[in-house]
Amino acid sequence: MEHITELLRQYRQGHGLPAEFYTSKEVFRYDIEQVFKKTWIYVGVVSEFKKKGEFRVVQVDNNSIILVRGEQDEVRAFHNSCRHRGAQICVTDKGRVPNLVCPYHQWTYNLNGDLIYAGRMGENFSCKGNGLKPVAIASVAGLLFINLADDPCYADMDKMKADLEPYVRFYQLDKLKVVKEIDLIEKANWKLVVENNRECYHCGANHPELLNSWPPYGAGFGWPDDPREAAAVARQIDEAYAKKRPQWDRLGMTHEPLDLTADRWYRAMMMILEKGALSQTVNGELACRKLLPGFSEPDNSDLSMWTHFNSWHHFLCDHVVTTMAIPLSEDRTLVRTRWLVHEDAQEGTDYDLETLIHVWVQTNDQDKWLAEISQAGIRSDAYRPGPYSEETEGLVMNFIDWYVKQLQSGR
Amino acid sequence: MEHITELLRQYRQGHGLPAEFYTSKEVFRYDIEQVFKKTWIYVGVVSEFKKKGEFRVVQVDNNSIILVRGEQDEVRAFHNSCRHRGAQICVTDKGRVPNLVCPYHQWTYNLNGDLIYAGRMGENFSCKGNGLKPVAIASVAGLLFINLADDPCYADMDKMKADLEPYVRFYQLDKLKVVKEIDLIEKANWKLVVENNRECYHCGANHPELLNSWPPYGAGFGWPDDPREAAAVARQIDEAYAKKRPQWDRLGMTHEPLDLTADRWYRAMMMILEKGALSQTVNGELACRKLLPGFSEPDNSDLSMWTHFNSWHHFLCDHVVTTMAIPLSEDRTLVRTRWLVHEDAQEGTDYDLETLIHVWVQTNDQDKWLAEISQAGIRSDAYRPGPYSEETEGLVMNFIDWYVKQLQSGR
Amino acid sequence: MEHITELLRQYRQGHGLPAEFYTSKEVFRYDIEQVFKKTWIYVGVVSEFKKKGEFRVVQVDNNSIILVRGEQDEVRAFHNSCRHRGAQICVTDKGRVPNLVCPYHQWTYNLNGDLIYAGRMGENFSCKGNGLKPVAIASVAGLLFINLADDPCYADMDKMKADLEPYVRFYQLDKLKVVKEIDLIEKANWKLVVENNRECYHCGANHPELLNSWPPYGAGFGWPDDPREAAAVARQIDEAYAKKRPQWDRLGMTHEPLDLTADRWYRAMMMILEKGALSQTVNGELACRKLLPGFSEPDNSDLSMWTHFNSWHHFLCDHVVTTMAIPLSEDRTLVRTRWLVHEDAQEGTDYDLETLIHVWVQTNDQDKWLAEISQAGIRSDAYRPGPYSEETEGLVMNFIDWYVKQLQSGR
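Residue numbers (my numbering), protein chains in the order written: chain D, 1 to 411; chain P, 1001 to 1411; chain L, 2001 to 2411.
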């Protein structure tokens, strides 16, 4: 702890973090306690839980968590550990069950987590008080967040729902289905994974597929060097948005930029795809002919949204790509990406799976490699926190500031 | 140490151990020192050492131990580390040698561990005092136990021999041969492996193959819920035993139950196989037509025996299954099982190997999985030591009590 | 640190080191700091850097080091970590580049390590002061050594160059090429790898291929037991050398033995191959018909050279074998061996690759195994530092003394 305090003192705003924040096991433990066991973290999407009893298991550090559609249609979360001898109850990653039955000695819990059967325990034993330990869970218009704190801050979640639900609700996640899920295990500290996600300074040289539909200028990219050219570009962007906003209004979409503030750790930007693209595909064509429920015709928008500290999302007119990052150790991070389309869309007819996922499969692999060469280089005795580019790395700085505050507050 | 004392204080009898006993490296080190380097642990069976110079190597924590049939027909044990520069002398798991020769510089030890040759060491060097370091070893009618303590407690072993040899001697292990040996590395703390072995509360739902010949009622299983039915079952069991005992007496078998006491950390129960089974096979038929030396005709008995803290054994009329558990780390355990038949039995003619091993291969795999889901679940922040079933988990409680005492005593 | 001081106190000259020097992570960290980050360590050979911009990456503990042929024909060394966000710049093991460009955000360094381009960093940013961090590097007639200390001892290197260059220069390493490189990862502490290299007590029983051309007597092997026979052998050796020396003088080779002294941690011995061998091949024939530049006809010499703490080399008339050892952890060591021939030699015509490398491939594999069984045996509670043979293990003792002094001095 004293060591971490000392490390925090070494941090200079506008520069990267000292190496140990990326390499030390002690800092990693502190990150888990102060960030991942204190804040609302993104773990999944309601589209996976269509029927009562459908469950997924998600691992956060030492905790295995069951997410399951409960008796009253809501998704609930429980610690995956039997109250008898601790065994895991759900032993597959996903499935559907009428009750949660421990495979070891058949202790049986209903979908509310209540213990309803335990054999041979004698007359003095009561099922009461032996239910599964619940985990706080909240849905932001279908995006599922859990909070592992003993006393989760519900005010934070209420604010987040109020802020983000207007944007997300339009996409009706409960009417979509997940058609692909890919896990990457990146050999990098989770913060390098997030930092990479917070700037596009690296995009030009590293993400050819993504750039087929992505705007070449703006915060994450920077601007043309020539100030007159930069002004012209800014004017073009303004004009494009002025033209789009009435269309978005007609559709009922919320589209005003929602930016970071001192107490807002998430962000939503409605973007316009470039080069005539209608979706994030290599050729810019639609990835799925069956549009999302809110759209009657193609729209070249991308609702780009993310939360500190572990998620980012793209909502297109024909599909959604949603990603979570979960730290595994000081130098390994799980990055899980899901692709969603309209629940009625048919593979082969409405969409080709490879086409649908191609851009983000490539982009994620490219980012994985960048995070990994960063991790490897930061281990060096020669590493010293370098200066950020104010023009293109402002959101990285913001993330780092936020993280440092989170550690300092011990909130 | 203080931390372990504190953990021991948290233990509540009748409940599982606090999580750290299964997950902490510190407790694991203490387990090794207080249990596996202090007590007599089971490591093998005399049937593997028929000829002078036949050896096996067994690894216990950092110690590689050579077991070898010595000059006078007894199995001896030595640390597998040359007195010159420390190299391992036996580098294969098993074999037969006239002397123990270090591969590095050919220092040569006889089968008593005396150094008898060392080249180029000069005139001042003496072989005396440079013999291999011996390890205490004892045979319980052919079951081999070693003790790594500086001052092994021979009184413990004398008592164990006096208690158990009457049961085991009948099976004449020196006239049997090992026909199969299988190692499992279970991703679970060794205590979870032992706990699993000490109850049959889990058997009904998890061990279909074993239950083809195993009694469905009794200590490890519990009894029918209806008290009248339970009384009837108990009566049937009593009658069956009353009928068997004279047969066992005629054969010269020791068959009185030998139960745990305050200073007896092993147990022997003569059981009667169920459903007409003559052996622990899927269909209940004999696994080997050539019966063990003591039997002239098939007998539906199973001498079920185990020792705290690392072995369990089944002696049938036609074969023996013997298992040892050796901890590898706080969350990995080696479980080695051997199957033995009469040394004159012929594969293909007298026994089919797959049939012989099937029930315990399946049972061990099933138990491995149960131990592993326990280990995974106990890591959870939500784990708390649950209550044991007095009816079916009494022997688990006993094991845990014993273990706690062993750690407390620091014996 | 106190613990290491205590361990150092336990060391008794003439005996091996206490076990923890080979097994403890704490000692390993101290080895890295006191040995591998303080002394000149061998990392490569100039023959790999023929053209400007050719680079290799070598990993020493947490440091990735770029070796690259710079603007002025000299090989330079830099830490492989970008000054922006720390990413590794060279991400392949070898290659050729005009500049060193970070793949992440294209910060660009010239071959002197100066930052010459960084995009979007704003007007206040200066490339000055943001160059790659250099690493001290020196060439001993083409053998490349780096020093990771903050204040490398150049006097040590000057002395080493003065001592060794007369021997090595003759072989004109810049006119040779590397035709094979093999990495072994030995599961042994680096000191066991070096100790193994410092004696031939083990050669007779373990290195049949090497012994086809290697002298059977001398320091590393010891002498015949019979003193008269030993005297005769010594006389024969003296005569052979008396006959060879004029030939070597005529060729211009330096051949006087350069032995260890109190402040010389390297050694060069000109040896005469045995059994009529002209090179270190299985049948003693030349491995390469195109001789090294200094030779006009075959010569049965072997310049055997090594440095504390991480290299050994054999210079034959037709090829060179050069090996470096780099510790990876307390029980793993990288051993990288390179084979070099005349840069004009043609595979198939002048040499057969398998024939060229066979003897040292076999010898290295044999030594790997010996180091590994030593590591495994030293872990045992029974290990105690054994006595060395003064006749054959003097150089091992010398290495150990040196190492202990290096740790004591904390130089």
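For every residue, glycine included, the Cβ atom is placed at its ideal position computed from N, Cα and C.
Chain L partners of Glu390(D), CB-CB under 8 Å? The residue you call residue 390(D) lines up with position 390 of the first sequence. Ordered by position in chain L, the residues that pass the 8 Å Cβ test against Glu390(D) are Gly2122.
Considering just the uninterrupted stretch of the beta strand (DSSP E) at Gln1953(L), what are its terminal residues? It is not possible to answer for residue 1953(L), since the shown part of chain L is limited to 2001 through 2411.
Cβ-based burial, Arg29(D) [other Cβ within 10 Å; buried from 16]: By one-based count along the first sequence, residue 29(D) stands at place 29. Exposed, by the Cβ-count rule.
Using the C-alpha atoms, what's the distance from Phe36(D) back to Leu340(D)? One-based indexing of the first sequence puts residue 340(D) at position 340. One-based indexing of the first sequence puts residue 36(D) at position 36. Approximately 26 Å between the Cα atoms of the pair.
DSSP three-state label for Phe2078(L), please. Locating residue 2078(L) in the third sequence gives position 78, counting from the first residue. Looking at Phe2078(L) - three-state DSSP - the assignment turns out to be strand.
By Cβ distance, which residues of its chain are closer than 8 Å to Leu251(D), with the 5 residues on each side in sequence left out? Within the first sequence, the letter at position 251 stands for residue 251(D). Same-chain partners within the cutoff: Phe170, Gly294, Phe295, Asp299.
Between Gly1386(P) and Gly1016(P), is the Cβ-Cβ spacing less than 8 Å? Locating residue 1386(P) in the second sequence gives position 386, where the first residue counts as 1. Locating residue 1016(P) in the second sequence gives position 16, where the first residue counts as 1. Yes; because the gap between Cβ atoms is below 8 Å, this pair is in contact.
Report the partner residues of Ala2268(L) according to the DSSP bridge assignment. Working through the third sequence from its first residue, we reach residue 2268(L) at position 268. Leu2258(L), Met2305(L).
Can you find a CB in chain L that lies within less than 8 Å of the CB of Ser1083(P)? On the second sequence, position 83 is the one that residue 1083(P) refers to. Sequence inspection shows Arg at residue 1083(P); the Ser mentioned does not correspond to that position. So, interface residue.
Helix, strand or coil at Ala371(D) according to DSSP, with G and I counted as helix: Taking the first sequence and counting its residues from 1, one reaches residue 371(D) at position 371. Correct three-state label for Ala371(D): helix.
Between the alpha carbons of Leu1192(P) and Asp2331(L), how many angstroms are there, rounded? Here the question's residue 1192(P) lines up with position 192 in the second sequence. Here the question's residue 2331(L) lines up with position 331 in the third sequence. Cα to Cα, Leu1192(P) sits roughly 30 Å from Asp2331(L).
Could you check whether the Cβ of Ile2357(L) sits closer than 7 Å to any heavy atom belonging to the ligand MG? As far as ligands go, the structure on display features none, and thus does not contain the ligand MG.
Check this for me: beta carbons of Glu2274(L) and Ser2213(L), under 8 Å apart or not? Your numbering for residue 2274(L) matches position 274 in the third sequence. Your numbering for residue 2213(L) matches position 213 in the third sequence. Cβ atoms of Glu2274(L) and Ser2213(L): closer than 8 Å.
Interface residues of chain P around His2202(L) at Cβ under 9 Å? By one-based count along the third sequence, residue 2202(L) stands at place 202. Within chain P, the residues near His2202(L) are Pro1103, Tyr1104, His1105, Gln1106.
Neighbourhood of Leu1148(P) by C-beta, 6 Å cutoff - its chain only, sequence neighbours within 5 removed: As a first step, residue 1148(P) is located in the second sequence; it is residue number 148 there, counting from the start. Lys1037, listed in sequence order.
Quick one: does Ser1374(P) have its CB under 8 Å from some CB of chain D? Stepping through the second sequence from its first residue, residue 1374(P) is reached at position 374. Ser1374(P) counts as touching chain D.
Neighbour flag for Ala2382(L) against chain P, beta carbons, 8 Å: In the third sequence, counting from the first residue as 1, residue 2382(L) sits at position 382. Yes, contact with chain P.
Who are the neighbours of Arg2379(L) on chain P, taking C-beta pairs under 7 Å? Mapped onto the third sequence, residue 2379(L) falls at position 379. Within chain P, the residues near Arg2379(L) are Asn1062.
Can you list, in chain order, the residues of its chain with a C-beta nearer than 7 Å to that of Ala345(D)? Leave out the 5 residues immediately preceding and following it. One-based indexing of the first sequence puts residue 345(D) at position 345. Closer than 7 Å at Cβ, skipping near neighbours: Cys288, Lys290, Tyr351.
Less than 8 Å between CB atoms is the rule here; does Val2058(L) satisfy it with respect to chain D? Within the third sequence, the letter at position 58 stands for residue 2058(L). Chain D, which has no Cβ nearer than 8 Å to the Cβ of Val2058(L), makes this no.
Scan the stretch 1211–1229 of chain P for residues whose Cβ lies nearer than 8 Å to a Cβ of chain C and list them as they occur along the chain. Checking the listed chains, one finds no chain C in this structure; the protein chains it contains are D, P and L.
Are the C-beta atoms of Val91(D) and some chain P residue less than 8 Å apart? Working through the first sequence from its first residue, we reach residue 91(D) at position 91. So, interface residue.
Kindly list, in the order they appear in chain L, the residues whose Cβ is closer than 8 Å to that of Leu370(D). As a working mapping, residue 370(D) is identified with position 370 in the first sequence. Ala2087, Pro2103, Tyr2104, listed in chain order.
Leaving out five residues before and five after Pro1018(P) in sequence, what residues of the same chain have Cβ atoms less than 8 Å from its Cβ? In the second sequence, residue 1018(P) corresponds to position 18, counting from 1. Result list for Pro1018(P): Leu1007, Gln1010, Tyr1011, Pro1385, in chain order.
At the level of alpha carbons, what is the spacing between Ile32(D) and Leu1328(P)? Position 32 of the first sequence, counted from the start, is the residue given in the question as residue 32(D). Position 328 of the second sequence, counted from the start, is the residue given in the question as residue 1328(P). In a straight line, the C-alpha of Ile32(D) is about 28 Å away from that of Leu1328(P).
Inter-stretch contact at 8 Å, needing at least 3 Cβ pairs: the stretch 2037–2055 of chain L / the stretch 359–366 of chain D: no
For Asp1183(P) and Leu1143(P), the rounded distance between their alpha carbons: Start at 1 with the first residue of the second sequence, and residue 1143(P) comes out as number 143. Start at 1 with the first residue of the second sequence, and residue 1183(P) comes out as number 183. The straight-line gap from Cα to Cα measures roughly 18 Å.
For a cutoff of 8 Å on Cβ pairs, would you count Pro387(D) as touching chain L? Position 387 of the first sequence holds residue 387(D). Yes, its Cβ sits closer than 8 Å to a Cβ of chain L.
So with CB distances below 7 Å, who are the chain P contacts of Lys133(D)? Here the question's residue 133(D) lines up with position 133 in the first sequence. Chain P residues near Lys133(D): Ala1382.
For Phe1125(P), which residues in the same chain have their Cβ closer than 8 Å to its Cβ, ignoring the five residues on either side in sequence? Residue mapping note: residue 1125(P) aligns to position 125 of the second sequence, counting from 1. Once the five neighbours on either side are set aside, the close Cβ partners of Phe1125(P) are Ala1118.
Is the CB of Ala2325(L) under 8 Å away from at least one CB in chain P? Within the third sequence, numbered from 1, the residue matching residue 2325(L) stands at position 325. It does not; no Cβ of chain P falls within 8 Å.
Name the DSSP bridge partner or partners of Phe145(D)? Within the first sequence, numbered from 1, the residue matching residue 145(D) stands at position 145. DSSP output for Phe145(D) lists Tyr42(D), Ala138(D) as bridge partner(s).
Own chain, CB closer than 8 Å to Asp1061(P), minus 5 neighbours either side, in chain order: Here residue 1061(P) refers to the residue found at position 61 of the second sequence. If we look at Asp1061(P) and ignore the five residues flanking it on each side, its Cβ neighbours are Ile1032, Phe1036, Lys1037, Pro1327.
Which same chain residues end up closer than 6 Å to Pro257(D) when comparing Cβ atoms and leaving out the 5 residues on each side of it in sequence? Translated into the one-based positions of the first sequence, residue 257(D) becomes position 257. Closer than 6 Å at the Cβ level, and outside the excluded window around Pro257(D), lie Met269.
In this structure, does DSSP put His358(D) in helix, strand or coil? One-based indexing of the first sequence puts residue 358(D) at position 358. His358(D): helix per DSSP, three-state reduction.
Rounded straight-line distance, which links the Cα of Glu285(D) to that of Pro216(D): The residue given as residue 216(D) occupies position 216 in the first sequence. The residue given as residue 285(D) occupies position 285 in the first sequence. Going by the C-alpha atoms only, they are around 18 Å apart.
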